[in-house]
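Below is one structure, written out as structure tokens; the observations come after it.
Numbering (our numbering), first residue to last: 211 to 917.
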């Protein structure tokens, strides 16, 4: 009888299916589609230009068995629910499954939840809805635009430049940003300037009062110092001056906490504090969202939905957090009113911020159930969330003017008098900052000042910094390019295609990236224009909101695009791109191997192809010897794209380590040491001997620990 049949819930991932099954019991069957089941064909455009841009969807290769299993379960189900992710892509996956299974169009079959918790899942099942065609059509428009750009321009690049290249709507803009930053650096003309500071003491005080003041004015006017002659002139004036404290200002300054994470800010902060790439951040946080097996609890979703541009917090979460803070930290750490945060101007605000699903589930309480990377990222999310609703940090500030007849010096300092949210969390920055916190000197107006030493320091203005993944994500977001789900794959793509390289966290354009960008700028100006790309994102948002016909976007875009493409095909001359030659000889024919780009990144290939088809992986050695046999250690990548380290003598020597071995042995017990990061973001060397565990903070050559 139908009443005895189970209800079928379809999600994307097996991990999410496992977590949800635990919450629902025997009356439900949960199956995973493992992502998309239908898509445009890879072998053809899939967009029918002659029939008003109809899209041709096919079953993705390899998904046949999955669909067969889901169809079988659907036949025996009393009710089918689609519980894919609550965004455009998730809605599109549900829509494809909806048609594959032949579900009644009037059926309220779509359920969504912002967190994979028992309460959220059970509440969602009670409120099923119809599919949201606005979201679906917005996803179709994006997919069609990207397919038109990619499948029309990429073959042109193959013919004119090099086989295997690709052009994407968003990736081309991201590559252009990296190229333009490099142009700014190349064209930058440094300007000289000098800082002049004086080490001072207060005359006549029994207890020495010492401080440092900076030169600011000459004859009452601000005076920039631009060369050594000017610096020496100021030095002489200070040496002969008779200085007095003429103005004192004491204030109290409050520093407010940062909002909880959006997708973009999480990727940025994980890059700065944990040295995670955007792809690594999304991989790990996806695990936290879908569910992790906790000791004594089973599978639990630990954070809310991870693709969001909102800083909003739900009422229930806010109530729980405001009850938790005074209990954990004290009443003084809870502000009288909740902290309010403004989101980005063009934020969709469809989901709340990324936060822990249960504020009482502290990072340390579940540390033993998490991998190292999961723990680090969960702690980052947790601390940022809790700190966002804590009281501000309070600083006492002091500014003092120290003057004589001609020269003006200024002292400024601040001292933290209440830690507030900084007890738990402080936001990182892309560049290093001077910490100005200090013990403030006891200065009073009218005090006579003695100058003990004068320091003149030459500086030059610096060009803008190259992008890190974090700062590129921020710039993409600020310009309205892409959406939370697109940042990580965009950056991964431009690196994988060889347009951009990542060196010591910084992004550099390659010669190929510069060449392709120049070609795109000349012939496909609109495609690489930031304003046009942002305008298209706004159009897609309008489709989702039901204010724009998705096919009209294609009708407006395609005629000019295809006309531009026709001109480019005629005018672009073929460019020969020579492969970079390595210093590795081919072990079959002796020719020097060249660098090639494949689907899994760069590799070495024989230049005598097709006569010689020899290929080799690129070997990356680290500055440490194998602790077992003394041979060199190689940096390798696992099948799941995780970095590890192994001996070059494999299989004779089978030493491997997930952690990077250090180039020194433990000074206490002689075991090998590994590189780790502590809670402060410092690099340390840690002994691997469980009975020793000696550690020390180190400075790793060439590494920028401040990011």
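Positions of the beta carbon are idealized from the N, C-alpha and C atoms, including for glycine. These figures come from a predicted structure and were not determined experimentally.
Taken in chain order, the whole beta strand (DSSP E) runs of length 3 or more contained in the region 436-500 are 453-465. Taking the Cβ atoms as the reference, residue 217 lies roughly 4 Å from residue 289, within the contact range of under 8 Å. By a beta-carbon distance limit of 8 Å, residue 403 contacts residue 671. Their separation comes to about 7 Å.
Per the Cβ contact rule, the region 250-263 is not in contact with the region 302-319 (fewer than 3 Cβ pairs under 8 Å). Three or more Cβ pairs closer than 8 Å define a contact, and the region 725-740 falls short of that threshold against the region 397-411. Taking C-beta atoms under 8 Å as the contact rule, residue 488 and residue 723 fail to qualify, at a distance of about 18 Å.
Between the region 270-279 and the region 366-378, the count of Cβ pairs shorter than 8 Å is below three; the stretches do not touch. Inclusion of residue 857 and residue 865 in the CB contact set at 7 Å is warranted, their separation being smaller than that value. Per the Cβ contact rule, the region 576-584 is in contact with the region 487-505 (3 or more Cβ pairs under 8 Å).
The residues 402, in chain order, have a CB closer than 7 Å to that of residue 437 in the same chain once the five nearest residues on each side in sequence are set aside. With the rule of 3 Cβ pairs closer than 8 Å, the region 465-477 counts as touching the region 676-696. The alpha-carbon of residue 873 is positioned some 29 Å away from that of residue 805. Cβ-Cβ distances below 6 Å link residue 628 to 604 in the same chain, with the five nearest sequence neighbours on each side left out; the list follows chain order. Per DSSP, residue 337 lies in no beta strand (DSSP E) and is assigned neither H nor E.
Between the alpha carbons of residue 596 and residue 531 lies a distance of about 7 Å. Taking a contact as a CB-CB distance under 8 Å, the pair residue 678 and residue 383 does not count as one, their CB atoms being some 18 Å apart. Residue 663 sits in a strand when the DSSP states are folded into three classes.
Counting only runs of 3+ residues, no beta strand (DSSP E) is found wholly inside the region 511-563.
Spatial neighbours of residue 895 in its own chain (CB-CB distance under 6 Å, excluding positions within 5 residues in sequence) are listed in chain order as 872, 883, 906 and 908. With respect to the C-alpha of residue 688, the residue from 529, 519, 778 and 712 having the closest C-alpha is 519.
Secondary structure of residue 856 (DSSP, three-state): strand. The beta-bridge partner set that DSSP reports for residue 396 is empty. In the DSSP annotation of this structure, the continuous segment of the alpha helix (DSSP H) that includes residue 703 starts and ends at 697-706. Spanning the alpha carbons of residue 408 and residue 448 requires a straight line of approximately 8 Å.
Short of 6 Å from the beta carbon of residue 420, and not among the five residues preceding or following it, lie these beta carbons of its own chain, in chain order: 411. DSSP, reduced to helix, strand and coil, places residue 346 within a helical segment of the structure shown.
When rounded, the separation of the alpha-carbon atoms in residue 578 and residue 347 is 44 Å. When beta bridges are read from the DSSP output, residue 243 appears opposite no residue. As a beta-bridge residue in DSSP terms, residue 218 pairs with 239 and 290. Put simply, the region 334-352 touches the region 282-297. At least three CB pairs are less than 8 Å apart. Per DSSP, residue 315 lies in no alpha helix (DSSP H) and is assigned neither H nor E. Taking a 10 Å sphere around the C-beta of residue 879, we find fewer than 16 other C-beta atoms and assign the residue as exposed. In this structure, the beta-carbon distance from residue 779 to residue 345 does not fall below 7 Å. Beta-bridge analysis with DSSP links residue 867 to 855. The residue from 484, 762, 458 and 356 with its alpha-carbon nearest to that of residue 886 is 484.
Taking a 10 Å sphere around the C-beta of residue 439, we find fewer than 16 other C-beta atoms and assign the residue as exposed.
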